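Data block below; observations after.
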Amino acid sequence: MSVPHVTVVDYGIGNLYSVQRACETCGATVELTSDRDAIANAERLILPGVGAFADGMSGLRERELVGPLRDYAASGRPLLGICLGMQLLADASEEFGVHEGLGLIHGRVKQIPAITTDGRAQHIPRVGWMSLDPVTESPWEDTPLRNTAPGAYVYLVHSYHFVCDVPSEVLAVSEYGGHRLASAIRAHNVVGFQFHPERSGPEGLRILASFVNDEAR
Amino acid sequence: MNNVRLIARLDVKGPNLIKGVHLEGLRVIGSPHAFARRYYEQGADEIIYIDIVASLYGRSKLTEIVRSAAHDVFVPITVGGGIRSVDDVRELLRAGADKIAINTAAVRRPELVTEIARRFGSQCVVLSIEAKQQAPGRWEVFTDCGRERSGVDVLDWARRGVDLGIGEILVTSIDREGTRKGFDLDLTRTVASAVPVPVIASGGFGAPADLTAVVDAGAAAVAVADAFHFDRFTIPQLRAAAIGAGVPMRVV
């Protein structure tokens, strides 16, 4: 089998080195790029990112990457959004005003409730290790979570969360103050992780390896 | 209750991992990279590097230390010491840091915190507070590695930090640091109950009961340094003891 190749979109936001190193540790060669052709020709693509939604979308627009990303997603090849990269897949976000997203997984990004379901104040941002809980029974076959045990711990840090329009597109949730917030979502070939697989220890690397080694379609 | 994070804290000076008492009397322990790798392999939830003389003499080896850590450490890495500008932050994030911790420069020019938070997001800004008790229930912020008084009250500064856009607070008790006498519980409680962001308690860990006590006082995360460096406890031992005492933590 040939060595998998991962193209990581560099749109001026966040720390790409840890994503690069994690993919390399999973056996892939990695290219960081903001080039439209490189994205169009990618074998598999990661959209990383941390920070604010509007900054992320402007980073993509300034580099004229919105169209190429939509075209790439329509090609059926694997696309993974991580953290802000997952949120950018949404139709829109409510972070500091309403902003349009890529619309690759239908849904909206909203603020994490500052109150638990039993009425206590909770920390925002949400920071730490949470368990990945399946939404339905044996739901993770044919997804990058296929080698992951339900309840595995992953690292998240965020103040906004992705609310999917189509409930069956939520692969995993992680509870926060009684709220079940989406941690992994998927629509066909487009996958989003709210958690950071590159920052979730050996478990995270296992998840990333599953994405990296998926047969390219 | 959310999982409490168990963090390995590495204070560095130049290329060396060091350890002091009350942030003074520094002793060289070894290579930061070797220790960080070991802590990652043992299941640390995060790694914090603080270059403890950087604000006095300028940052030297910190970027290189971060880059080598990020090469094979796959948990969040926080870096502090001598950060004075948005460009400093960009350089450290590019080297592989996930968050930066800022103390002295923030006290001198609080707007810097907002500039960093706007550019890179609140999730990557940790306000590092070095606190020294002045009277019962009152602590003063110190800068320059615990050497300089600032005249700023810790509680006021913590609240101000939240308004400026920080995402977490690392509270180090200078009084307890390196003493193994337990965390300053009043300090932790006072800050944690006043802010909506997570508080990382640092300084004074001696025994597993100290961890339980500081979590009860409101700490969302606990930073441990010399107990790990000198192998008085390994991370798995401390994690098991904490879970045994009913502290929620991820199971590694």
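Protein chains in written order, with the working numbering: chain U, 791 to 1007; chain A, 126 to 377.
Using N, Cα and C, we set each Cβ at its ideal position, and we do this for glycine too.
The structure presented is a predicted model; accordingly, all values stated were derived computationally and were not measured.
Test: A:Gly135 CB closer than 7 Å to a CB of chain U: As a first step, residue 135 of chain A is located in the second sequence; it is residue number 10 there, counting from the start. A quick correction: the sequence has Leu, not Gly, at residue 135 of chain A. Cβ-Cβ to chain U under 7 Å: no for A:Leu135.
Cα-Cα separation, U:Tyr950 to A:Arg152: Within the first sequence, the letter at position 160 stands for residue 950 of chain U. Within the second sequence, the letter at position 27 stands for residue 152 of chain A. Distance between the alpha carbons of U:Tyr950 and A:Arg152: 43 Å.
Status (buried if at least 16 other CB within 10 Å, exposed otherwise) for A:Met126: Along the second sequence, one-based indexing puts residue 126 of chain A at 1. By the neighbour-count rule (16 or more Cβ atoms within 10 Å), A:Met126 is not buried but exposed.
Where U:Val1002 sits in the DSSP three-state scheme: Taking the first sequence and counting its residues from 1, the one referred to as residue 1002 of chain U is at position 212. Residue state, collapsed to three classes: helix.
Proximal residues to A:Pro201 (C-beta, below 7 Å), its chain only, five neighbours per side dropped: Against the second sequence, residue 201 of chain A aligns to sequence position 76. Sequence-distant Cβ neighbours of A:Pro201 in its own chain, meaning closer than 7 Å and more than five residues away, are Glu171, Asp223 and Lys224.
Sub-7 Å separation of A:Ser275 and A:Thr297 beta-carbons: Taking the first residue of the second sequence as position 1, residue 275 of chain A is located at position 150. Taking the first residue of the second sequence as position 1, residue 297 of chain A is located at position 172. The answer is no: Cβ separation not under 7 Å.
U:Gly968, DSSP secondary structure in three states: Start at 1 with the first residue of the first sequence, and residue 968 of chain U comes out as number 178. The answer is coil: DSSP assigns U:Gly968 none of H, G, I, E or B.
Cα-Cα separation between A:Pro321 and U:His913, rounded to whole angstroms: As a first step, residue 321 of chain A must be located in the second sequence, where it is residue number 196. As a first step, residue 913 of chain U must be located in the first sequence, where it is residue number 123. So the alpha carbons of these two residues sit roughly 5 Å apart.
Boundaries of the alpha helix (DSSP H) in which U:Cys813 is found, first to last residue: Here the question's residue 813 of chain U lines up with position 23 in the first sequence. Tyr807 to Thr815 is the span of the alpha helix (DSSP H), which, as asked, contains U:Cys813.
Secondary structure, beta strand (DSSP E): runs of 3+ residues fully inside the segment 239 to 293 of chain A: Taking 3 residues as the minimum length, the beta strand (DSSP E) runs contained wholly in the segment 239 to 293 of chain A are 250 to 260, 263 to 268 and 273 to 278, in order along the chain.
Enclosing alpha helix (DSSP H) for A:Gln167 [first to last residue]: For the purposes of this step, residue 167 of chain A is identified with residue 42 of the second sequence, where counting begins at 1. It spans Pro157 to Gln167 - the alpha helix (DSSP H) in which A:Gln167 sits, taken as one unbroken run.
Three or more C-beta pairs below 8 Å linking the segment 918 to 926 of chain U and the segment 854 to 865 of chain U: no
Given U:Asn831 as reference, the closest of U:Glu852, U:Asp845 and U:Leu869 once Cα atoms are compared: Along the first sequence, one-based indexing puts residue 831 of chain U at 41. That would be U:Leu869, whose Cα lies nearest to the Cα of U:Asn831.
7 Å Cβ shell around A:Arg284 - same chain, five flanking residues per side excluded: In the second sequence, residue 284 of chain A corresponds to position 159, counting from 1. Excluding sequence neighbours, A:Arg284 sits near Ala319 and Val320.
Straight-line Cα distance separating A:Gly286 from A:Arg162: Against the second sequence, residue 162 of chain A aligns to sequence position 37. Against the second sequence, residue 286 of chain A aligns to sequence position 161. Answer to the nearest angstrom: the Cα atoms are 32 Å apart.
A:Phe353 - containing alpha helix (DSSP H), residue span: Residue 353 of chain A sits at position 228 when you count from the first residue of the second sequence. From DSSP, the alpha helix (DSSP H) with A:Phe353 extends over Asp351 to His354.
Minimum Cβ-Cβ distance from A:Phe353 to chain U less than 7 Å: What you label residue 353 of chain A is simply residue 228 of the second sequence in a count that begins at 1. Output row for A:Phe353: interface = no.
Reduced DSSP category for U:Ser883 - H, G, I as helix; E, B as strand; rest coil: The sequence position of residue 883 of chain U within the first sequence is 93, counting from 1. It is a strand residue.
Buried versus exposed, by CB contacts within 10 Å (16 or more), A:Ile294: Reading the second sequence from its first residue, position 169 is the one you call residue 294 of chain A. Buried is the call here.
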